[in-house]
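What follows is a single structure, written as structure tokens, with notes after it.
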Amino acid sequence: MPDLVIKNARLVLSDKIVQAGLVIEEGRIKQIVSDPKLPQADRVIDAHGNYVLPGLIDVHVHLREPGSSSKEDWITGTSAAAAGGVTTVLDMPNTQPPTTTIQTLSDKRAIAKPKAKVDYGFHFGASLDNLDELRRLEDDIASVKFYMSVTTGNLRVDNDAVIYEELKILAKKGILATTHAENRDMVQYWLEKLKQKENPTAVDYADYRPNICASTALNQLLYLSRKAGSRIHFCHVSTREEVNLLRKNKREGVTSEVTPHNLFLTKENIKELGNYSKVNPPLRSKQDQGTLWKAIRSGVIDVIATDHAPHLLEEKEKDILSASSGMPGLETLLPLLLNEVGKGTISLIELSKLTAGSPAKIFRIRGKGAIVEGYDADLVIVDLKKEAKVENEKLFTKCGWSPFDGWKLRGWPLKTFVRGNLVFDEGVIGDTLGKEITYTKNEE
Ligand code: NCD
Ligand code: ZN
Ligand code: ZN
């Protein structure tokens with residue numbers, strides 16, 4: 003007898019939506035069949051006619067352990083993921099210590115394993131002096147991340163020769179490079195100017211880190227990666243200039259992501275959010291925002307990823323220069339997007355491609371990212387009619403705040419399954435554990 007049957011569902015497949023049920027055995031989708039043909043099972047869940055999406059894959063999160071567990075840890079961060087319909091997270095390497103050696107990677111694995119509520123993978127960090135570690139890397143990481151300029155953490159690789167050498171190592175191994183593309187010299191130059199300004203504000207912070215910081219770095223990396231022959235994925239694309247460069251230079255192996263905060267917030271929100279708006283790259287103009295929306299629909303940008311970057315209230319409340327940069331996003335990503343469905347901005351099929359299908363393809367995640375027979379039963383049941391407010395008090399993230407606090411949204415996840423285990427059930431987190439993902443080989 004199968005372990006689980008989900009009946010009365012509308013399944014969001016990659017090219018169509020079908021009314022059908024799911025038969026789940028040993029954590030995998032065994033069969034997609036019409037409701038009358040569903041077998042008996044140990045457990046039957048009635049989706050009540052709601053939509054079922056493939057669980058979201060968030061390729062850009064900062065779960066903060068080791069080193070900054072006051073901001074977030076692997077339990078709270080992955081609980082936030084489960085509550086947001088996110089069934090796989092890829093964790094960034096700017097922890098303390100940073101994940102820049104085989105040893106620190108294995109230490110992080112040991113931290114995550116007994117805590118994670120959803121499935122997970124790791125990005126490795128490039129630094130100025132870890133070429134030998136990169137040469138020793140096995141193909142069991144999501145990517146190697148290149149931080150081009152100052153942001154949270156001390157992880158940086160701000161030397162083009164080293165970047166080029168490291169990209170060549172990755173090209174040989176077939177490992178993906180991911181990047182925080184902001185030009186270090188430009189960022190530093192205007193940051194110094196900002197420091198000289200009297201009483202700088204959160205609006206100034208965004209103005210002193212203009213679009214060209216991002217587009218110059220992206221342009222340089224497009225060239226370096228092409229010369230090195232490596233695949234490259236651009237994190238948090240935020241400007242129309244970057245979108246234009248990507249459109250003109252789109253080739254096999256060049257991909258990118260956009261954050262929900264750049265899709266749903268602009269400079270116009272900074273006054274009301276104050277230092278909570280501080281993030282790298284910063285919030286941009288309405289015009290940039292419009293271009294980003296067009297880019298996700300036309301396929302110039304491939305993925306929506308949160309850049310979930312929790313910081314404590316007291317760290318955000320400092321003066322704008324000392325305040326931490328980054329905002330949480332795991333619990334609001336899906337409701338924000340579901341709230342758009344039916345308005346002509348995004349369809350469920352597009353949403354699912356941007357948050358599950360494409361992430362799985364780009365990061366070569368085995369058996370995930372779609373509702374397909376044989377794939378992991380990573381699923382989220384969503385109610386498109388449910389209306390609720392984002393409330394700081396109800397969040398699972400340890401930082402306890404969201405830039406979207408008070409936003410009334412229509413469309414919420416009800417139940418989240420990771421490999422058939424119910425990890426989120428209408429407000430309650432389950433007690434099963436997530437597992438580290440595996441990767442398909444390049445040839446597959
Ligand atoms: C991120 C963080 O806090 O780790 N901060 C941010 O402003 N986005 C780091 C990063 O992704 O740049
Ligand atoms: Zn970044
Ligand atoms: Zn980040």
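My numbering applies: residue 3 is where the sequence shown begins, and numbers increase by one.
All C-beta atoms, glycine included, are put in the ideal place defined by N, C-alpha and C.
The structure presented is a predicted model; accordingly, all values stated were derived computationally and were not measured.
query: Buried or exposed by the 16-neighbour rule on C-beta atoms within 10 Å, applied to Met3; result: exposed
query: The region 10-25 contacting the region 254-273, beta-carbon criterion three pairs below 8 angstroms; result: no
query: Residues of its chain near Leu338, where Cβ-Cβ distance is below 6 angstroms and the 5 sequence neighbours each way are ignored; result: Pro262 and Phe266
query: Best match in Glu395, Lys195 and Arg242 for proximity to Asp290 [C-alpha to C-alpha]; result: Arg242
query: Minimum C-alpha distance to Lys195 - residue among Val205, Tyr210 and His182; result: Tyr210
query: Beta-carbon proximity of Lys117 to Leu424, cut-off 9 angstroms; result: no
query: Host alpha helix (DSSP H) of Gly292 (start-end); result: Lys288 to Ser300
query: DSSP three-state assignment for Glu259, whether helix, strand or coil; result: strand
query: Member of Lys110, Phe124, Asn394 and Ser327 whose CA lies at the smallest distance from the CA of Asp407; result: Asn394
query: Three-way DSSP call (helix, strand, coil) for Ile214 in this model; result: helix
query: Closest Cα partner of Tyr441 within the set Arg368, Ser404 and Asp427; result: Arg368
query: Where the alpha helix (DSSP H) through Arg186 begins and ends; result: Arg186 to Gln198
query: Alpha-carbon to alpha-carbon, Trp295 and Gly346; result: 11 angstroms
query: Those runs of the alpha helix (DSSP H) which lie wholly inside the region 119-176 and span at least 4 residues; result: 133-138 and 162-175
query: Any non-hydrogen atom of ligand 4 closer than 8 angstroms to Val159 Cβ; result: In the structure shown, ligand 4 is absent; the only ligands present are ligand 1, ligand 2 and ligand 3.
query: Distance, Ile26 Cα to Glu375 Cα; result: 9 angstroms
query: Three or more C-beta pairs below 8 angstroms linking the region 298-305 and the region 386-400; result: no
query: Residues of its chain near Lys18, where Cβ-Cβ distance is below 7 angstroms and the 5 sequence neighbours each way are ignored; result: none
query: Own chain residues within Cβ distance below 8 angstroms of Lys355, not counting five before or after; result: Ser16
query: Residue nearest to Val205 in terms of C-alpha spacing, selected from Leu285, Phe419, Met94 and Thr153; result: Leu285
query: Bounding residues of the beta strand (DSSP E) (the contiguous stretch that carries Thr90); result: Val88 to Asp93
query: Assigned exposure category for Val159 - 16 Cβ within 10 Å defines buried; result: buried
query: Which residues DSSP lists as bridging Phe236, in chain order; result: Thr181 and Ser258
query: Ile104 versus Asp37: straight-line alpha-carbon distance, rounded; result: 48 angstroms
query: Residues that DSSP places opposite Met329 in a beta bridge; result: His310
query: Cβ-heavy atom distance, Asp309 to ligand 2, below 8 angstroms; result: yes
query: Coarse secondary structure for Tyr377, derived from DSSP in three states; result: coil
query: Thr78 vs Phe398 beta-carbon contact at 9 angstroms; result: yes
query: DSSP three-state assignment for Ala390, whether helix, strand or coil; result: strand
query: Host alpha helix (DSSP H) of Val343 (start-end); result: From DSSP, Val343 is part of no alpha helix (DSSP H); its letter is neither H nor E.
query: Under 9 angstroms between C-beta atoms of Val453 and Arg45; result: Any question about residue 453 goes unanswered here, given that the chain covers just 3 to 446.
query: Contact under 9 angstroms by Cβ, Asn282 with Val152; result: yes
query: Beta-carbon proximity list for Val164, same chain, < 6 angstroms, skipping 5 on both sides; result: Leu130
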